[in-house]
Amino acid sequence: AQSVTQLGSHVSVSEGALVLLRCNYSSSVPPYLFWYVQYPNQGLQLLLKYTSAATLVKGINGFEAEFKKSETSFHLTKPSAHMSDAAEYFCAVSEGDKIIFGKGTRLHILP
Amino acid sequence: EAGVTQFPSHSVIEKGQTVTLRCDPISGHDNLYWYRRVMGKEIKFLLHFVKESKQDESGMPNNRFLAERTGGTYSTLKVQPAELEDSGVYFCASSQEAWRDLAKNIQYFGAGTRLSVL
Numbered sequence: 001a002q003s004v005t006q007l008g009s010h011v012s013v014s015e016g017a018l019v020l021l022r023c024n025y026s027s028s029v030p031p032y033l034f035w036y037v038q039y040p041n042q043g044l045q046l047l048l049k050y051t052s053a054a055t056l057v058k059g060i061n062g063f064e065a066e067f068k069k070s071e072t073s074f075h076l077t078k079p080s081a082h083m084s085d086a087a088e089y090f091c092a093v094s095e096g097d098k099i100i101f102g103k104g105t106r107l108h109i110l111p
Numbered sequence: 112e113a114g115v116t117q118f119p120s121h122s123v124i125e126k127g128q129t130v131t132l133r134c135d136p137i138s139g140h141d142n143l144y145w146y147r148r149v150m151g152k153e154i155k156f157l158l159h160f161v162k163e164s165k166q167d168e169s170g171m172p173n174n175r176f177l178a179e180r181t182g183g184t185y186s187t188l189k190v191q192p193a194e195l196e197d198s199g200v201y202f203c204a205s206s207q208e209a210w211r212d213l214a215k216n217i218q219y220f221g222a223g224t225r226l227s228v229l
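Those protein sequence lines, which keep their order, are chains A and B. So the first sequence is residues 1 to 111, counted in the numbering used here. So the second sequence is residues 112 to 229, counted in the numbering used here.
This is the structure:
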């Protein structure tokens, strides 16, 4: 079975600073990978997905993620954090008809 | 276009009672999924409908949980009788493309139902 590990249940960055949320996956075959975000009182929203095309994937709201097979990683980055980025972020991998999620990382933006 | 909607947003019940959660998928989406997040844990898959048929129910925790999707439109998830460990957030998702077409299969999630069993 596949699994996803997100390093850090809480991450704090200053407004304007780089956002880096780490994700490692375990998969014996090239996976489909996702980042979802949940803003307060809202549903899970797809930020971006990797489906074996370009290794650098651009998503919404200025986020991007790079698929690194050698490191089995799919870290999420944003060059400059904004207060509106405060939310919980989930890394996930597809397995058949289901999505396997990591435990989530709550991103705090410091003024 | 309306997204995936779930009712109620929050439910508080006592142990032993019955609760029914409802999910309305995006119109035209044949695939409907239920997930659950127990506090402090990952969001975990419960089951998958294709139209009115259960495609995969491998994640259902036990026989106290019953999911239905009559007519292939909205779905309900009933917990009877509820136990303390059933507390958590229940998410519903839907997708349009065939689940086997993984490159195109984007699951759209609702806001979830927070279930508290006291």
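The beta-carbon is built from N, C-alpha and C at its ideal position, and this holds for glycine as well. Just so it is clear, the structure is predicted and the values come from calculations on it, not from any experiment.
- Every beta strand (DSSP E) of 3 residues or more that sits fully in the stretch 41 to 86 of chain A is shown, in chain order, as 44 to 50, 56 to 58, 64 to 68, 73 to 78.
- Taking a C-beta cut-off of 9 Å against chain B, the contacting residues of the stretch 72 to 106 of chain A are F90, A92, S94, E95, G96, D97, K98, I99, I100, F101, G102, K103, G104, listed in chain order.
- Excluding the 5 residues flanking it on each side, H159 (chain B) has same chain C-beta neighbours closer than 6 Å at Y144, Q166, D167, in chain order.
- In this structure, E88 (chain A) lies near Q38 (chain A), with their beta-carbon atoms less than 8 Å apart.
- Closest in alpha carbon position to S120 (chain B), among B:R147, B:Q218, B:V200, B:S205, is B:V200.
- Under a criterion of Cβ atoms nearer than 7 Å, the residues of chain B adjacent to Q42 (chain A) are, in order, A222.
- Looking from the CA of T129 (chain B), the closest CA among B:L229, B:G221, B:K189, B:A113 belongs to B:K189.
- Among the CB atoms of chain A, one or more fall inside 8 Å of the CB of G114 (chain B).
- Judged by beta-carbon spacing, Q42 (chain A) lies within the 8 Å limit of A222 (chain B), meaning their Cβ atoms are closer than that value.
- Interface residue (Cβ-Cβ distance to chain B less than 8 Å): L20 (chain A) is not classified as such.
- Note on I99 (chain A): 16 or more other CB atoms within 10 angstroms of its CB, so buried under the neighbour-count rule.
- Between V4 (chain A) and A65 (chain A), the C-beta spacing is not below 8 Å.
- DSSP places T129 (chain B) in the coil class of the three-state scheme, outside both helix and strand.
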